[in-house]
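Reading the sequence shown from the start, the letters are residues -21 to -1, 1 to 609 in mature numbering (1 follows the signal peptide of the UniProt record, and there is no 0).
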Amino acid sequence: MAAVTAAALAAAVLPAATAAAADGKPVSAWGKDSPRFEMPAVKVGANRPVKSEPSKNPTDEVYVPWLREQRAHAKNVASGKAAKSAGVAANASVLNVVPEGQGNVPWHRYTSFAITDALTAKIDYSTGNLMLTATDFDIAGVGQNLRLARTYNSLDAPFGRVSQRWWQQYERYLSVSSTEVIFYDASGATVRFKKNSDGSLTTPKGYSQDLKKNSDGTYTLTKWKSGSKETYNSSGTLTDRNHGTITVTQNTGGGFKLTESRSGRFIDLNKVSATLWQAKDNTGRTATYGVDASGNLASTTDTEGKTIAFGYDTSGRVDKITTAEGRVTVFTYDDVNRVTSMLRATGFNASGSTGPTWTYAYSAESATAAGTTTAKDPELHSTKYEHDADGQVTDVTDALGHKRSSKFDANHNIDTATDAMGSGTTPGNVTDYGFDSRNNLQSVTRPGQSATQPGPKTVNSWQTIAGGDVPKDSTNADGEKTSFTYDTVGNTTSVAQTGTGGGSVSYDYNPATPTCGGFEGQRCAEKTKMTSTKTVQTDFHYDARGNLEWAKAPSPLGKTTYTYDELGRTTSVTDARGIKVAYTYDNLDRIRTVTSPNTAKVEYRYDGDGNLVQRTDGTGIVSYEFDPLQ
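Right, dumping it as structure tokens:
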């Protein structure tokens, strides 16, 4: 754990202001000889890494054609041709070995940790898949951000453009056969929609989205939770999100350009050479991707010029990550590409890295079979995860023998959860959950005094508007009810609550011809009913790019105005008193300075892994140091 924790806690309870030093330079708030607050050294523990096994070569006569289809798809994309699905459709038996279990599976259970502020790792307890997710750009848009992110899966997954095992989230596509349409989603997961005799497609259990083939041969994918829609052409290639709000243009050479049509902001990914790709946004910020001779993503350099290096084993799996600050993480695998150990390096010797190690052992022969995964921490404490063939974790037993259990409904939603408070023949406390057919949570019943006396219950009802599921009513355990209404496109028009402190709020939105600047669907007014005779209103106005230009709150708060840079980041906020607070940012969108006429300038400094290492204000400097685990 980072040393910043103790320092931050101490800063909250010790004096926070001192005079500046004689030379005028800021000093610590605790004086020149200020104390240091240090965390204990990281314990390596007794656990040690497991030796990696080479991946089994795909020799199955059916599996090899799937790999061949993936290579053909990648080649077509690289040459600027439409993505083809004929490789799958040509042999129906290929559908039996399309990889599954990789990517984000909604009902699976994961352990996750941050490697840097922009790179995270997740290990799937059911499949053993290692998933790395990195965000290279995240730019403000109107209603949704413009985001360039990529994912690595240790299990077999669709081939990426920049590198085979690294999948850009906007590479997601449809592969069409005579019996089903396979959707490879943003994380590289396989989502299979079965074709019905009437031409419709059935949503697979556990997923909250539907797919529809349109009369012109294109496809529309609608997410139930958000109502967002994605359009794919007849070849299965993604072309836009939300009816052109974000357009996806395929570039010759295999890249693509993402454009947020209302603000004009964009991200352009292109191949520069056989060993170099680059992504550039509308302000010229550039991130680069280095590819080695084997086609592996060897390094990435972010928009601040900081580089992360990736090492690979002989089977092409990521086995080492070295961050810009030199922090090292090492992985090993079994012969079916499941993670068997993870080491966070705190030291190095002639034989390699040393540091806390977590290990993972699997009883199942394959990633998609039922079995038990045993996870051991650096001190050799074991936790066992029992899962079925669908990857549902049904029982978890910790190092002390305490057991927690879950049961699932037909859609992979948790039906009941039993805690570890049981003893002997007495079961633990049970919480019951109820979901509708679209995976919306309808009820939660907490443990009661006995099986015949259930505990407090929360009840929700839902409705579907413009393809998205939104709450209609929610009643808590005290009987207080909150009700919602919406317009035809799913914008919330009112929220009313009963009980103590209840009240109502209503909202007005921009029509097709905007009345408060900006674009259709942006909120123009918020009306809060204070009493039966008093209602107060806050008004909003937007600029030509859809940025909030000002908000006028009820008296005495008054009007607050905002300004922005070319990336939609707030550069100043001026309140009704005329007091202006200004902000500047680095190339990774982190705040660098805050300036206000009433307070001293505040400055922030970060290391190459995104950790805040220094904060300077009128009281002095607070510095933070981090251990090798960040």
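Virtual Cβ for every residue (Gly too), placed ideally from N, Cα, C.
When C-beta atoms of the region 162 to 179 are compared with those of the region 129 to 139, three or more pairs fall below 8 Å, so the two segments count as touching. Spatial neighbours of Ala119 in its own chain (CB-CB distance under 6 Å, excluding positions within 5 residues in sequence) are listed in chain order as Gly547. Under the rule that a run must span 3 or more residues, the beta strand (DSSP E) segments found entirely inside the region 308 to 344 read 318 to 323, 326 to 328, 331 to 333, 336 to 341. For Asp586, the closest alpha carbon among the candidates Asp281, Ile225, His391 is that of Asp281. Per DSSP, Ala396 is one residue of the beta strand (DSSP E) stretching across 393 to 397. Taken through DSSP and simplified to helix, strand or coil, Val76 comes out as helix.
Put simply, the backbone Cα of Arg264 is about 12 Å away from that of Leu248. The alpha-carbon of Arg425 is positioned some 21 Å away from that of Gly478. At the C-beta level, Thr454 and Thr437 come within 8 Å of one another. Tyr341 places its beta carbon 8 Å or farther from that of Ala354.
Taking C-alpha positions only, Pro406 is separated from Gln421 by approximately 25 Å. By the CB criterion at 8 Å, Thr106 and Leu134 fall inside the cutoff. The beta carbon of Arg594 sits closer than 6 Å to those of Tyr583, Val601, all from its chain and outside the five residues before and after it, given in chain order. Taking the CA atoms as reference points, Asn83 sits about 30 Å from Ala272. Take Lys173, set aside five residues on each side of it, and the residues of its chain with a beta-carbon closer than 6 Å to its own are Glu159, Thr181, in chain order.
Taking 8 Å as the cut-off, the Cβ atoms of Val29 and Ser240 do not count as close.
Membership of Gly350 in the beta strand (DSSP E) is indicated by the continuous run 350 to 355.
Burial is judged here by how many other beta carbons sit within 10 angstroms of a residue's own beta carbon; Lys285 has at least 16 and is buried. For Ala475, the enclosing beta strand (DSSP E) covers residues 471 to 476. For Phe235, the number of other beta carbons within 10 angstroms of its own is at least 16, and it is reported as buried. Across the structure, Asn275 and Asn175 are spaced so that their CA atoms are roughly 40 Å apart. The alpha-carbon of Val270 is positioned some 34 Å away from that of Tyr186. DSSP, reduced to helix, strand and coil, places Glu499 outside both helices and strands of the structure shown, so it counts as coil. The straight-line gap separating the alpha-carbon atoms of Asn124 and Asp117 is approximately 6 Å. Under the DSSP definition of a beta bridge, His366 partners with Gly350, Val372. The continuous beta strand (DSSP E) containing Phe92 extends over residues 89 to 93. Residue state for Val141 is assigned as coil, using DSSP reduced to three classes. By the neighbour-count definition (other C-beta atoms within 10 Å, threshold 16), Pro137 is a buried residue.
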